[in-house]
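Asks: Quick one: the structure is below, and I'll ask about it shortly.
2 protein chains.
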Amino acid sequence: MAEALVPRFDERGLLTAVAVHAATGQVLMVAHMNAEALERTLSTRQAHFWSRSRRRLWRKGETSGHGLAVQEVLIDCDQDAVLLKVTPSGPVCHTGAAGCFFRRIGPDGHLEPVSD
Amino acid sequence: MAEALVPRFDERGLLTAVAVHAATGQVLMVAHMNAEALERTLSTRQAHFWSRSRRRLWRKGETSGHGLAVQEVLIDCDQDAVLLKVTPSGPVCHTGAAGCFFRRIGPDGHLEPVSD
């Protein structure tokens, strides 16, 4: 019998969502999903998130034009985090970078650019 | 001038932490870090997290023996999520799986095993 999807939303009603590039595996961004964002992501195959700062649902790319086409949605062992395998239609980060993790924490505690 | 590390902890005092395999890039697990967990991870180069359910700091592997040696810590654009590139010393998931994302959400909404 197939196991049921029973997401465990946190006290704010949110799951953690990690988007990785479907072709390269690069981690592109981390965001959050409420139940509606998860439902819309699964039904439309375009990534939707819950903005904690703006307190509203958003479709990634609705203003930038750079959406995330969702190839596959994985869920973790305790069903409180999802992993989206996506094909981005442009830079994912609002800074214009391909992904949001473009700096490392260096040995002296300052941030350093990473090349990949 | 190097940019400063100024983590943006959420209202619970937490960052999201994503651990990926340093060699393969596979997303292994998602967890949370408070300031102390981040500091200990950076100073010891072993992944430490904050357990929301147990409400305490833990070093990954302290009971299982399967720790995560941290090769690099990246931080995202708005400094509220970190990406750990790690070398695991054994299975990362408490189920015994290599990583926690071993099921996908299938077209009918049930969970299906993934092979990788």
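Chains as they are written, first to last, in this note's numbering: chain G, 12 to 127; chain V, 12 to 127. Idealized CB from N, CA, C, for every residue including glycine.
(1) Tell me where the alpha helix (DSSP H) around G/S54 begins and ends.
(2) When you compare the CB positions of V/P102 and V/R114, do they come within less than 8 Å of one another, or not?
(3) Taking G/E83 as the query, report the chain A residues whose CB atoms sit under 9 Å from its CB, ordered along the chain.
(4) Measuring CA to CA, which of G/S62, G/S100 and G/A15 is closest to G/R23?
(5) Rounding to the nearest angstrom, what Cα-Cα distance links V/A80 and V/R56 in this structure?
(6) Please report how far the alpha carbon of G/A34 lies from the alpha carbon of G/G76, in whole angstroms.
(7) Could you round the C-beta distance between V/V97 and V/H32 to whole angstroms and report it? I think they count as a contact, below 8 Å.
(8) On a CA-only basis, which of G/H105, G/R19, G/P118 and G/D119 is nearest G/E73? Give me that one, please.
(9) Kindly list, in the order they appear in chain G, the residues whose Cβ is closer than 7 Å to that of V/V41.
(10) Considering only C-alpha positions, which residue in the set V/L16, V/V84 and V/L49 is nearest to G/V38?
(11) For V/A86, which residues of its own chain have a beta-carbon under 8 Å away from its beta-carbon, when the five flanking residues on both sides are left out?
(12) For a contact defined as C-beta to C-beta under 8 Å, what are the partners of V/L53 on chain G?
(13) Indicate whether at least one CB of chain V lies closer than 8 Å to the CB of G/V60.
(14) Using a Cβ-Cβ cutoff of less than 7 Å, which residues in the same chain neighbour V/F112 once the five nearest sequence positions on both sides are dropped?
(15) Should G/P99 be labelled buried (16 or more other beta-carbon atoms within 10 Å of its own) or exposed?
(16) In chain order, what residues of the same chain have a beta carbon less than 6 Å from the beta carbon of V/T27, not counting five sequence neighbours either side?
(17) Distance cutoff 8 Å, beta carbons only. Does V/H77 sit that close to anything in chain G?
(18) Taking the CB atoms as reference points, tell me whether G/R66 and G/G78 lie closer together than 8 Å.
(19) Assuming the contact rule is C-beta atoms closer than 8 Å, V/L122 and G/E14 should be a hit. Round their C-beta distance to whole Å, please.
(20) Please report the distance separating the alpha-carbon of V/G117 from that of G/L53.
(21) Chain V partners of G/E14, CB-CB under 8 Å?
Replies: In brief:
(1) A46 to T55
(2) no
(3) Of the protein chains in this structure, namely G and V, none is chain A.
(4) G/S62
(5) 6 Å
(6) For the pair G/A34 and G/G76, the Cα-to-Cα distance works out to about 20 Å.
(7) 7 Å
(8) G/H105
(9) Those within 7 Å of V/V41 in chain G are T27, V29, D87 and A92.
(10) V/V84
(11) It is Ile, not Ala, that sits at residue 86 of chain V in the sequence shown. Result list for V/I86: L16, P18, A92, V93 and L94, in chain order.
(12) The contacting residues are I116 and G120.
(13) The displayed chain sequence assigns Phe, not Val, to residue 60 of chain G. It does not: the Cβ of G/F60 has no partner Cβ on chain V nearer than 8 Å.
(14) V38
(15) buried
(16) A92
(17) Nearest CB-CB separation between V/H77 and chain G: not below the 8 Å threshold.
(18) no
(19) The Cβ separation is near 4 Å, so the contact holds.
(20) 9 Å
(21) R114, H121 and L122
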